Amino acid sequence: MRKVMMLAFLTIIISCKEEAKKVIESEEPVPEKSAEEEWVVLFDGTNFDAWKEYGKEGISKHWKLEGSAMVFYPPEERPSGDAFNLVTKEEYTDFVLSLEWKIAEGGNSGIFWGVKEDPKFSEAYQTGPEIQVLDNTKHPDAKAGTTHQAGALYDMVAPSKDVTKPVGEWNLCEITINHKTNTGKVVLNGVDLVDFAVNDPEWSAMVSKSKFADWEAFGKHPTGKIGLQDHGDMVSYRNIKIKKL
2 MRKVMMLAFL
12 TIIISCKEEA
22 KKVIESEEPV
32 PEKSAEEEWV
42 VLFDGTNFDA
52 WKEYGKEGIS
62 KHWKLEGSAM
72 VFYPPEERPS
82 GDAFNLVTKE
92 EYTDFVLSLE
102 WKIAEGGNSG
112 IFWGVKEDPK
122 FSEAYQTGPE
132 IQVLDNTKHP
142 DAKAGTTHQA
152 GALYDMVAPS
162 KDVTKPVGEW
172 NLCEITINHK
182 TNTGKVVLNG
192 VDLVDFAVND
202 PEWSAMVSKS
212 KFADWEAFGK
222 HPTGKIGLQD
232 HGDMVSYRNI
242 KIKKL
């Protein structure tokens, strides 16, 4: 009787091991994400679902969908202090942002990051550093120094050269912000234009030499929203996507 029970026990153990082996063998390895799958689309030309206007609930009539782009039409008249900057609904810390921009003749706009949406700050630029979007040929800001030209980390780091397309053509811009590696980078139309540190002490030292030196909250938020600037000029953006790092 004891031998029969032992045989039955061994049979159960062997059976369990075989089943476990089958389960392990049937499990397929999890495929790695492709480079394209790591990107999250923030704007595909069909809706503003990932966006809102800074300090407001929705998006005004001044931002329109045209073709595959979002286009800002500045109002002919606006109440004092009223602005129509766009910001993402989500906040980001370390990322690569890719988008295309097209500026009107003589136009000015900008791309922000680290924007802290708070009622005590009336404008996105009060907290968010800016990568300049500009008509380098006809906007007067281009004559105020190279740190004000297209692709610059505004008022802090100048682009290494002017690689902007003629007004009316699209420019492809890629912005990298990575606090883990203390890296900030701007690539415009395939050219590495700007490199900068994003952590202290380098960051604060750079800000101290700019117009933002005495701004209490400027560049102080590693985690914040992405923003697109209403600077009073017509501007278009398209193919906006982001990859978290």
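The opening residue of the sequence shown carries number 2 in our numbering; numbering runs sequentially from there. From the three backbone atoms N, C-alpha and C, an ideal C-beta is built for every residue, glycine too. None of these values were measured; they are calculated from a predicted model.
* Asked: What three-state label does DSSP hand Ala145 in the structure shown?
  -> helix
* To do: Count the other C-beta atoms from every protein chain shown that fall within 10 angstroms of the C-beta of Leu66, then say buried if there are 16 or more, exposed otherwise.
  => exposed
* Pro223 beta carbon less than 8 Å from that of Val195 -> no
* Per-residue burial, Glu106 [other beta carbons within 10 Å of its own, 16 or more giving buried] -> exposed
* Asked: Out of Pro120, Leu229 and Gly169, which has the shortest C-alpha to C-alpha gap to Asn137?
  -> Gly169
* To do: For the beta strand (DSSP E) containing Glu217, list its first residue and its last residue.
  => Counting along the chain, Glu217 falls outside any beta strand (DSSP E), and DSSP gives it neither H nor E.
* Asked: What's the C-alpha gap between Ala218 and Pro167?
  -> 35 Å
* **Other residues of its chain near Val31: CB distance less than 8 Å, five sequence neighbours each side excluded** => At Val31 the pLDDT is 45, less than 50, meaning the model places this residue with poor confidence; the figure from the coordinates comes in the next sentence. No residues qualify anywhere along the chain.
* Any chance the stretch 192-209 sits against the stretch 53-66, with 3 or more Cβ pairs inside 8 Å? -> no
* Give me the Cα-Cα distance between Ile176 and Arg79, rounded to the nearest whole angstrom. => 31 Å
* To do: Measure the CB-CB distance between Trp171 and Glu101 and report whether it falls below 8 Å.
  => yes
* To do: May I ask which residues mark the beginning and end of the alpha helix (DSSP H) holding Val208?
  => Glu203 to Val208
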